[in-house]
Amino acid sequence: MAKLLLSALLICISAIWVVAAADVPAGRRGCQTRCGNLDIPFPFGIGDQCAIHGGFGLDCKNDSGTYRTFIGPFEVTKISVPDAKAWMKMGISWQCYDPVTKQMNDSMVGQNFTNTPYRFSYEDNKIFVIGCNTMAYMRGVSYVIGCLSTCSDEPTNGSCSGAGCCSVDVPPDLGYVEAYFNKDYNTSQIWNYSRCGYLVVMEKAAFRYSTTYIPSINFWNDYNGTVPAVMDWVIRRETCEEAKRDMSSYACVSDNSDCHNSTNGHGYLCKCSKGFDGNPYIKDGCKDINECLDNTTYPCAGLCQNTMGGYDCSCHQGQHKVEDVCVPDQKNQKSSWEMPVVGMYV
533 MAKLLLSALL ICISAIWVVA AADVPAGRRG CQTRCGNLDI PFPFGIGDQC AIHGGFGLDC
593 KNDSGTYRTF IGPFEVTKIS VPDAKAWMKM GISWQCYDPV TKQMNDSMVG QNFTNTPYRF
653 SYEDNKIFVI GCNTMAYMRG VSYVIGCLST CSDEPTNGSC SGAGCCSVDV PPDLGYVEAY
713 FNKDYNTSQI WNYSRCGYLV VMEKAAFRYS TTYIPSINFW NDYNGTVPAV MDWVIRRETC
773 EEAKRDMSSY ACVSDNSDCH NSTNGHGYLC KCSKGFDGNP YIKDGCKDIN ECLDNTTYPC
833 AGLCQNTMGG YDCSCHQGQH KVEDVCVPDQ KNQKSSWEMP VVGMYV
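Below is the structure:
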């Protein structure tokens, strides 16, 4: 009988979207800033009291002497404030033929981030189906998306175009998914060659198909049962215009910071203004970038002078700019036809 774990794993992470001004922490003061090897930047925090609100509260757990960070059941492995992204480990959905019982067994994993700050990044993730004679799909609130992977053509390492592996793009505003396998496509007749099929939403940069995934459980073993996924996040489910109506809960508190509406679902996030870097969610968190210290990103072949939010690049004495390149000044020289003619007047 199929093992259906979907209901157990569809865990909704509660988030507090409306926070009174007194409840918003001023920053990182007094709060734990690391869990194991992971930096915890505000608006995230270990415990809700150190986060901007409950949707960013994390748990730091001791797992046999190793500290790991979790939000609900999902391990968090990386957080980027400038990119507004968090990397989490997600479960693998699978179906395998059992030659002893002569039945297909499966485990279908779902994720529900509906009432949270998080959405699957449509830029960084893909839906992958791996196996022979495997049709699988993800069902969301208003769509069904998936693909069919067969072995009618010989699978190739690094290729995921339908032979042993297929993939589809993740749609925008994806926060709720349920995994399903089409029972008409299974490995009951080919189990001695390919016993299992898999379905995941995962970071596409972290995936490279291997032909060893077909005759073995190497895909599961390579990722130890979980795969990395990139989640976009927003501070609250409101636009910048809506957020600025209540400055007591407005999150872009640093000078030289800007509000941006999310491109992945409804909500807003904060970024440091051009020429500044740091954390826009804390007071004075956005600091001026000294462009003169990074000639690769901010090239200057002459004299570099840092300014607030920018830099000036001037040429050395005896040079001038031509299309942003310093070239030597040309000395005035008289051509041959300008040379004086010495003669005699009669």
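In our numbering, the protein residues as written are 533 to 878. Heads up, the beta-carbon is just placed ideally off N, CA and C, and yes, glycines get one too.
When beta bridges are read from the DSSP output, Cys679 appears opposite Ala668. Excluding the 5 residues flanking it on each side, Ala783 has same chain C-beta neighbours closer than 6 Å at Ile767, Cys802 and Tyr813, in chain order.
Shown here, Thr771 sits in coil according to DSSP, grouped into three states, outside any helix or strand. A distance below 7 Å between beta-carbons, with the five flanking residues on each side excluded, links Ala761 to the following residues of its chain, in chain order: Met620, Met622, Phe652, Asn657, Val733, Met734 and Glu735. For the pair Ser748 and Gln643, the Cα-to-Cα distance works out to about 26 Å. DSSP places Trp723 in the coil class of the three-state scheme, outside both helix and strand. In the three-state reduction of the DSSP assignment, Thr828 falls in the coil class, being assigned neither a helical nor a strand state. The residue from Trp752, Ser786 and Gly799 with its alpha-carbon nearest to that of Ala775 is Gly799. If you look at Phe602, you'll find it in the beta strand (DSSP E) that goes Thr598 to Ile603. The DSSP-derived three-state label of Gln849 is coil.
Annotation for Asp754: the continuous alpha helix (DSSP H) segment containing it runs Asn750 to Asp754.
In this structure, Gly694 lies away from Ile746, with their beta-carbon atoms at least 8 Å apart.
Going by beta carbons, Asn714 and Met667 fall inside the 8 Å limit.
If you draw a straight line from the Cα of Thr633 to the Cα of Tyr730, it comes to about 20 Å. When only Cα atoms are considered, Thr646 and Asp595 end up about 28 Å apart. Under the three-state reduction of DSSP output, Tyr800 falls in the strand class. DSSP places Tyr813 in the coil class of the three-state scheme, outside both helix and strand. In the DSSP assignment, Glu710 forms a beta bridge with Arg671.
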